[in-house]
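In this text, residue positions in the sequence shown follow numbering that gives the first Met the number 0: the first is 0, and each later residue adds one. Where a beta carbon is used, it is the ideal one built from N, C-alpha and C, also for glycine. The structure appears below as C-alpha cells.
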Amino acid sequence: MHVELLAEDQDPGPSARLRKADRRAATVICAVLVAGVIATGFAVRRSTAEMGAVVWVDSRHSQFLDGIAWALSWIFEAPRAAVVAAVLVLMVAWWRRSVISGLRAGLALALTWGSSYLMKLLVDRPRPQWSLLRHHVAGSEQDPSFPSGHVTFAAALVIVALLCTRRMYRAWIVVPGTALVLGVGASRLYLGVHYPSDIVAGMVYGAAAGYLMFRATIVVNRVHLALRGVRAGQVTHVESGDDE
C-alpha cells in the first residue's frame, strides 16, 4: 500500500524549498486572479455592451460549425461533465497508484465548479438577448451568465490534470488542453449563450481556482497520514503535480 507524502511534508532540500516558494507565489497570483474575476463580474453584471460581438458571431454560422459547437457544449453539460470528472479521477488514481491522488483531483474539480456556480448566483448576470439572434442551435439557457460554467470546468479539468502529471509528461497535456479550453469557450460564444467576458472569466477562474482548490486538498493527504500513521518503510515519495 502506497501512502502519498507530498514534498512539503518532508524535510526540504534546496530544490524542494525553491518549488515551495514557487507554489506560494503561484498561490498569491491565483488568489489575485480569482478576486479580479469576482470584481469584474459585479462590474459587468448589467452591461450589454458586448451584445454586438455576440450578434456578429451569430451571423457567421455554418452547419459544420453548428455541429462542432453543439457537441462541445453537450459534452460539458452538468451530467456528462460529472462523467468526464470521474474518468479523470480514475485515471489519476491509476497513474499515480494512489486513491488519495484521485480523490484530490475530484475534490478540486467539484470545489472549483461549485464555487463558480455560487459566483453565478451572486453576480446574477442575464444571458445575452436571445431575441436578437437568428440561429438557435442549442436552445436558450436561463441560469445566470457570468462566468461560463462550461469553460470554468474545462479550464479546471486541464489545470488539475497538469498538477497530477509528472513534469516530464506535462507537454503532452498543455497543447490539447489549451485547444480544448479555447474550443469550449468558442462554442459557447458561437451558440450565443455567453458574452465574451463570461468566457474569459471562465478560463481565468477555472485555471486559478482549480490551482487553489487542488493545493487546498493537501489536507486530504495529511488527514490520511494522520489516521494511518507513518511507519518507516511504508512511505513512498510521490508528490502530486510537483515531480521533476
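Check the Cα spacing between Phe145 and each of Leu32, Phe75, Ile37: the tightest is with Ile37. Per the Cβ contact rule, the stretch 108-120 is in contact with the stretch 190-206 (3 or more Cβ pairs under 8 Å).
Cα atoms of Arg103 and Trp94: separation of roughly 14 Å, rounded to the nearest angstrom. Our two residues, Leu211 and Thr26, have alpha carbons roughly 6 Å apart in a direct line. Pro78 and Lys19 have their C-alpha atoms some 36 Å from each other. Taking every protein chain shown into account, the CB of His135 has fewer than 16 other CB atoms within 10 angstroms, so this residue is exposed.
Here Val159 is near Phe213, since their CB atoms are less than 7 Å apart. Put simply, the backbone Cα of Asp65 is about 42 Å away from that of Asp21.
Taking Arg124 as the centre and dropping the five residues before and after it, the same chain places the C-beta of Arg44, Pro143, Ser144, Phe145 closer than 6 Å to its C-beta, in chain order. Counting every other CB atom within 10 Å of its CB across the protein chains shown gives Tyr189 a total of 16 or more, marking it as buried. Taking a C-beta distance under 7 Å as the contact criterion, Val83 and Gly101 do not qualify as a contact pair. The Cβ atoms of Glu49 and Tyr194 lie closer than 7 Å to each other.
Leu190: not part of any alpha helix (DSSP H); DSSP gives it neither H nor E.
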